[in-house]
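Okay, structure first, notes after.
Dropping the structure here:
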C-alpha cells in the first residue's frame, strides 16, 4: 500500500529537533498506517543517527538516506521529494525554531487524515506554524 502522505526531513546535527518531529508520527497508530517518513542525513556529525535508528524500529515506512557530504537544505529537500511516494509531501526545515514541531505535525496530520480534501489546510498550517514548504 502506498503512503497517503510523505514527510521529508533533511537533517544536519539536529538530534533534539529530529527526535521531536519523529515522535509525532511514531506515537499515532493512524498516522503510522498511512504516512511515510524520509530523513535525509546530510553527513551527520552528532548523535542524530541514533535517533534515526530508533525511529526505524517505531515507524514501518521510515527511510533514512545517508549522504556522503552535507548537500545543504535545497539538495537534500529535492532528494526527499524524489523519494516521496505519497500524493502530499510535507517538507520540514529543522533549521528554524521548531520547539513544538511534534504538536504542529500531529495537528496537521489529524486534519488531513480526517478529510481527504483538506490537504490545503495541511499546507496552510505548516506555512504558518513551522515554516515548512509543501507541495502536492
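Residue numbers (the working numbering): 26 to 161.
Heads up, the beta-carbon is just placed ideally off N, CA and C, and yes, glycines get one too.
Return helix, strand or coil for residue i, following the three-state DSSP convention.
i: residue 109; result: coil
i: residue 33; result: strand
i: residue 70; result: coil
i: residue 114; result: strand
i: residue 95; result: coil
i: residue 38; result: coil
i: residue 119; result: coil
i: residue 47; result: helix
i: residue 84; result: coil
Which residues in the same chain as residue i place their Cβ atom closer than 6 Å to its Cβ, once the five residues preceding and following it in sequence are excluded?
i: residue 44; result: 76
i: residue 65; result: 35, 90, 101, 104 and 105
i: residue 78; result: none
Spell out whether any CB of chain D is found under 8 Å from the CB atom of residue i.
i: residue 57; result: Considering every chain present, this structure includes no chain D. It has just one protein chain.
Less than 7 Å between C-beta atoms, sequence neighbours within five positions excluded: which residues of the same chain meet that for residue i?
i: residue 38; result: 69, 70, 71 and 73
i: residue 95; result: 37, 67 and 68
Name the DSSP bridge partner or partners of residue i?
i: residue 164; result: Residue numbering for the chain in the displayed model covers 26 to 161; residue 164 lies beyond these limits and cannot be assessed.
i: residue 79; result: Its beta-bridge partners do not exist; DSSP assigns none.
i: residue 60; result: 30
Could you tell me the alpha carbon to alpha carbon distance between residue i and residue j, rounded to whole angstroms?
i: residue 98; j: residue 63; result: 14 Å
i: residue 83; j: residue 101; result: 23 Å
i: residue 55; j: residue 29; result: 11 Å
i: residue 27; j: residue 114; result: 13 Å
i: residue 57; j: residue 92; result: 25 Å
i: residue 10; j: residue 109; result: The structure shown does not extend to residue 10, since the chain is modelled only from 26 through 161, so no value can be given for it.
i: residue 33; j: residue 117; result: 6 Å
If I measure Cβ to Cβ from residue i and keep anything under 8 Å in the same chain, skipping five residues before and after, which residues do I get?
i: residue 88; result: 61, 62, 63, 64 and 108
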